[in-house]
Ligand SMILES: Cc1cc2nc3c(=O)[nH]c(=O)nc-3n(C[C@H](O)[C@H](O)[C@H](O)COP(=O)(O)OP(=O)(O)OC[C@H]3O[C@@H](n4cnc5c(N)ncnc54)[C@H](O)[C@@H]3O)c2cc1C
């Protein structure tokens with residue numbers, strides 16, 4: 057007798073929590089669990105700026121899925137198309153082979169990719185802060201700009217190499233600019249030939265405030281901290297064009313630089329577009345119980361789905377945050393199990409617990425359960441939250457040890473060189489062009505139906 061097949065696509069916050077919870081709720085003989093994921097770890101994205109600045113080693117934020125999950129079969133690869141009619145997902149495995157995975161229940165959690173807005177040059181010259189490779193690449197790249205400046209006697213080249221632009225005044229961009237500015241400020245002191253005044257960081261956002269979700273007072277506090285440190289913050293401004301050695305802003309300024317870090321929002325994974333289902337601003341429309349209307353047995357959640365935010369009401373949808381993705385994972389697991397048992401499904405409901413923003417050192421701003429905190433108390437809450445949300449003891453210990461080392465010994469200025477030969481464009485890092493057209497998906501699932509199995 058065959059057991060129902062539950063297929064989870066994506067091993068991030070939402071997918072990992074769904075799998076973990078399903079392993080707890082369902083008995084081993086009740087369902088076969090499979091997880092399609094390009095990497096064997098859950099990436100703890102909120103700490104990527106710490107990796108980019110070298111405070112945390114990349115491994116600290118890569119939480120092992122094989123340690124966390126005991127009976128979920130991991131399929132190493134990426135889903136490149138979904139055929140709901142055939143109840144099948146086309147998967148490109150990491151060795152390049154294509155296979156078809158059938159499901160009775162499908163949980164879609166492929167997350168999001170960096171949003172680019174079709175600005176000329178951004179695709180070729182910007183790098184995001186969404187993957188571990190990007191964070192590690194940025195660290196090596198920033199330190200290599202200091203090394204290359206030190207190697208040059210041309211002041212114009214030094215100025216260009218020591219100017220850095222971060223686009224996006226949300227928590228990702230603000231933390232990235234804050235941490236990397238601290239890194240270069242500390243590092244430049246160890247380069248006797250370099251003029252520290254040449255090091256310039258720019259944080260650019262089209263919005264009039266930093267992190268509007270934090271409220272006016274905390275947003276202004278974060279802005280004040282960055283300005284006092286020497287970060288040039290430009291609000292109400294965006295990028296008009298990017299080139300290899302210049303970023304042109306919409307106010308006409310041309311910033312000579314070789315570093316453009318793009319964190320101006322996210323868009324749902326391109327996998328969602330292969331479904332031919334209703335979307336809301338690119339995210340898959342789901343009911344409050346996380347099921348996808350019109351698609352039998354399909355659930356979607358996390359950044360890829362437009363989950364109704366019942367705590368806010370009206371037509372609000374949940375913001376793309378780890379806080380929601382994790383909790384939606386728990387709700388999805390309960391509802392998949394309920395569907396399997398023929399029980400009623402329940403609606404996802406979560407009141408936002410607030411935001412923590414770590415600006416480095418003892419400076420932070422956070423708003424847990426509506427209480428506005430700054431300075432050391434905010435930092436304790438921020439780091440305590442992250443330690444609690446990291447799901448394995450080794451990941452917590454690695455992170456805590458790295459933070460302690462940084463607090464005691466300061467920054468280390470090493471570039472490992474491992475990333476030197478890697479591509480540095482958004483498309484290459486986030487593989488946004490890997491997905492199949494409906495015709496190709498049908499040709500794969502049709503071929504499979506005619507005999508091939510996996
Ligand atoms: C720098 C940064 C800082 C952040 N800070 C915070 C914060 O402080 N607080 C907060 O709440 N949120 C924060 N976020 C947002 C948060 O990380 C996301 O909302 C959260 O990761 C969404 O969870 P998810 O499971 O939907 O997607 P993810 O966690 O991104 O997981 C998606 C998974 O799917 C995999 N995948 C992608 N495509 C495919 C495919 N085709 N097939 C199979 N697998 C696929 C990916 O490899 C990944 O493992 C931050 C994000 C960034 C980038």
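Numbering (the numbering used here), first residue to last: 57 to 510. Cβ atoms here follow ideal geometry from the backbone N, Cα and C, with glycine treated the same way. Since the model is a prediction, treat every value here as computed from it, not as a measurement.
Check: residue i C-beta below 7 Å from any heavy atom of ligand 1
i	result
residue 67	yes
residue 278	no
residue 186	yes
residue 362	no
residue 377	yes
residue 327	yes
residue 410	no
residue 101	yes
residue 275	no
residue 140	no
residue 387	no
residue 165	yes
residue 421	no
residue 484	no
residue 168	yes
residue 93	yes
residue 84	no
residue 395	no
residue 228	yes
residue 135	yes
residue 104	yes
Length of the line joining the Cα atoms of residue i and residue j
i	j	result
residue 144	residue 182	35 Å
residue 332	residue 265	36 Å
residue 174	residue 283	30 Å
residue 299	residue 109	24 Å
residue 189	residue 199	16 Å
residue 123	residue 387	22 Å
residue 66	residue 267	28 Å
residue 96	residue 187	14 Å
residue 231	residue 414	6 Å
residue 506	residue 498	The pLDDT assigned to residue 506 is 48, lower than 50, so where the model puts this residue is not dependable; a value taken from the coordinates is nonetheless given after this. Whole-angstrom Cα-Cα distance: 12 Å.
residue 149	residue 490	12 Å
residue 378	residue 114	19 Å
residue 564	residue 88	Nothing can be reported for residue 564, as the shown portion of the chain is limited to 57 through 510.
residue 509	residue 154	Because the pLDDT of residue 509 is 45, which lies under 50, any placement of that residue in the model is unreliable, and the number read from its coordinates should be weighed accordingly. When rounded, the distance between both Cα atoms is 11 Å.
residue 180	residue 159	38 Å
residue 162	residue 447	24 Å
CA nearest to the CA of residue i, picked from the options
i	options	result
residue 234	484, 420, 437	420
residue 301	177, 352, 467	177
residue 94	80, 468, 324, 485	485
residue 367	209, 375, 330	375
residue 262	220, 305, 286	305
residue 296	290, 310, 112	310
residue 426	411, 341, 212	411
First and last residue of the uninterrupted alpha helix (DSSP H) at residue i
i	result
residue 194	188-207
residue 277	272-285
residue 250	Where residue 250 is concerned, there is no enclosing alpha helix (DSSP H), given that its DSSP letter is neither H nor E.
residue 357	Note, residue 357: premise wrong, no alpha helix (DSSP H); not H, not E.
residue 122	121-124
residue 179	178-181
residue 452	449-465
The beta strand (DSSP E) enclosing residue i, as first and last residue numbers
i	result
residue 245	Counting along the chain, residue 245 falls outside any beta strand (DSSP E), and DSSP gives it neither H nor E.
residue 223	219-223
residue 379	No beta strand (DSSP E) contains residue 379, which is instead part of the alpha helix (DSSP H) from 378-397.
residue 155	154-158
residue 441	Run containing residue 441: none in the beta strand (DSSP E); it sits in the alpha helix (DSSP H), 431-445.
residue 331	Here residue 331 belongs to no beta strand (DSSP E), and DSSP marks it neither H nor E.
**Runs of beta strand (DSSP E) wholly within the region 286-329 (minimum 3 residues, chain order)** = Runs of the beta strand (DSSP E) inside the region 286-329: 288-291, 295-298, 302-305, 310-312, 315-318, 322-324.
**Request:** Mind listing, in chain order, the continuous alpha helix (DSSP H) runs of no fewer than 4 residues lying wholly within the region 61-118?
**Result:** Fully enclosed alpha helix (DSSP H) runs of 4 or longer: 69-81, 104-108.
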